[in-house]
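Notes follow once the structure below has been shown.
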Amino acid sequence: MQLSFGSLIPVALLLAPHALAAPSLLSLEARNISSSLSILSADTYCRLNLHYCGWNLLTIADSDYKRRISSKLCQRGICDPNDPAIWNSLWNCGADLEFISICGGAYSCANGGAGRSDYCN
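Just so we're aligned: the sequence shown equals residues -21 to -1, 1 to 100 in mature numbering (1 follows the signal peptide of the UniProt record, and there is no 0).
Written as structure tokens, this is what we have:
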């Protein structure tokens, strides 16, 4: 009895009908990449190369921005986590938050609006 490749497919499907429903390795890899991007984007608020006021970043629930901002300001000598400078600081969103400046007194850092950089008044 001689079997051709074409006749093996129906036999294979009879023996393993779940084979069609099983995701391919490629689809599993794509799903893993997609999940990783979703996690990354859910954890990342700032958009690359836009500037953000400290208060704008600190108001995001479940973010790590307070620790990161406090740590970077402490490197500049402002180590009190309750210092108003944290709220009035200006940051660039790069590979990591990059300090730009302390804007000044209360309400000195302004929201630039959706898709636009925040700025010092």
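Ideal Cβ placement from N, Cα and C applies to all residues, glycine included. All values reported here derive from a predicted model rather than from experimental measurement.
Discussion item. List, from N- to C-terminal side, the alpha helix (DSSP H) runs of 4 residues or more that fit wholly inside the segment 29 to 76.
Written reply: 33 to 37, 44 to 53
Worksheet item: In chain order, what residues of the same chain lie with their CB nearer than 6 angstroms to the CB of Ile39, ignoring the 5 residues before and after it?
Response: Tyr24
Worksheet item: What are the partner residues of Tyr98, as DSSP defines its beta bridges?
Response: Ala89
Discussion item. So if DSSP puts Ile81 in a beta bridge, which residue, or which two residues, is it bridged to?
Written reply: Ser68
Worksheet item: Can we say the segment 69 to 82 touches the segment 33 to 50, given the rule of at least three CB pairs closer than 8 angstroms?
Response: yes
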